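In the working numbering, the protein residues as written are 1327 to 1518. Worksheet: the structure to be examined is printed underneath.
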């Protein structure tokens, strides 16, 4: 082969590799399309699917008086937020309260501040009834939220959920112990 033939071959090979990388997708996506919602955040501003569309975002379910899983989950989300910022990723974070009648916006803001949350891209949502968040979590995220009558500790799922720019839930990750930070960062990059 002549020199120009090698160059053409390598140019085609590199082009194919670049096109393959551009077409990378989330492995085994959940593809759960979300319905519209609109709640209030820690600053009493409306945040819903329409405000989040066009953004990749990570969501979880927590409550401020939680004595078990929520503090580590919130600390892990704060770490993921910092990692994403260090990588220069444009991603939002959303924590839904599973105890909305207790978790007022000021209470959510106070709770989040203890974990060093950056409110520029992290919303702590509340402003709905208990029955509404229980149905919302089950219908949209396929996760349980249940407040027992005899116990102030709400039962809820502990996953982090990755949602694409179109409001489709793509993936879930373990949020309490050893979250897969590198996998989450990689998947966020894939969706951007």
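Each residue gets a CB set at the ideal place from its N, CA and C atoms; glycine is no exception. Quick caveat, the model's predicted, so the values are computed rather than measured.
What is the DSSP secondary structure of residue 1362, reduced to helix, strand or coil?
Assigned with DSSP and collapsed to three states, residue 1362 falls in coil, not helix or strand.
Looking at C-alpha atoms only, which residue of 1465, 1394, 1421 and 1513 is the closest neighbour of residue 1445?
Closest by alpha carbon: 1421.
May I ask you to report which of helix, strand or coil DSSP gives residue 1519?
Limits of the chain in this structure are 1327 at one end and 1518 at the other, which puts residue 1519 out of reach.
Throw me the rounded Cβ distance for the residue 1463 and residue 1387 pair, which I believe falls under 8 Å.
Right, their Cβ atoms sit about 6 Å apart.
Determine the contact status of residue 1480 and residue 1425, defining contact as a CB-CB distance below 8 Å.
Closer than 8 Å, so yes.
Same chain, Cβ closer than 7 Å to residue 1484, five either side skipped, listed in chain order
Counting only Cβ-Cβ distances below 7 Å, and skipping sequence neighbours, we find 1395, 1399, 1501 and 1502.
Where are the beta strand (DSSP E) runs, 3 residues long or more, that stay fully inside the region 1372-1416, in chain order?
Within the region 1372-1416, the runs of beta strand (DSSP E) at least 3 residues long that lie entirely inside it are, in chain order, 1372-1374 and 1382-1388.
Opening and closing residue of the alpha helix (DSSP H) in which residue 1462 lies:
Unbroken alpha helix (DSSP H) run through residue 1462: 1456-1467.
Segment contact, 8 Å Cβ cut-off, at least three pairs: the region 1356-1365 with the region 1427-1442
The region 1356-1365 is not in contact with the region 1427-1442.
Let's see if you can read the secondary structure: which residues bound the beta strand (DSSP E) around residue 1436?
In the DSSP assignment, residue 1436 falls outside any beta strand (DSSP E) and within the unbroken alpha helix (DSSP H) covering 1431-1440.
What is the rounded straight-line gap between the Cα of residue 1498 and the Cα of residue 1392?
Rounded to whole angstroms, the separation of the alpha carbons of residue 1392 and residue 1498 is 21 Å.
What is the residue span of the beta strand (DSSP E) that residue 1487 lies within?
Counting along the chain, the beta strand (DSSP E) containing residue 1487 begins and ends at 1485-1489.
In three-state DSSP terms, what is residue 1501?
Note: residue 1501 maps to coil in three-state DSSP.
Beta carbon of residue 1419 nearer than 8 Å to that of residue 1447:
At a Cβ-Cβ threshold of 8 Å, residue 1419 and residue 1447 count as neighbours.
Beta strand (DSSP E) containing residue 1449: first to last residue?
First-last of the beta strand (DSSP E) with residue 1449: 1448-1451.
Using 8 Å for Cβ pairs, my map puts residue 1402 next to residue 1506. What's the rounded Cβ distance?
Contact between residue 1402 and residue 1506 is ruled out by a C-beta separation of about 10 Å, above the 8 Å threshold.
Based on the DSSP output, what are the partners of residue 1420 in its beta bridges?
Its beta-bridge partners are 1385 and 1449.
On the CB-based measure, 16 or more other CB atoms within 10 Å of its CB, does residue 1513 come out buried or exposed?
Here residue 1513 is buried, its C-beta having at least 16 other C-beta atoms within 10 Å.
Excluding five sequence neighbours on each side, which residues of the same chain lie with their C-beta closer than 6 Å to the C-beta of residue 1469?
Correct list, in chain order: 1463 and 1483.
Sequence-distant residues of the same chain with beta carbon closer than 8 Å to residue 1349, five excluded per side:
In this prediction, residue 1349 has a pLDDT of 44, which is less than 50 and means its spatial position is unreliable; what the coordinates show is noted afterwards. Apart from sequence neighbours up to five positions away, no residue of its chain approaches residue 1349 with a beta-carbon distance below 8 Å.
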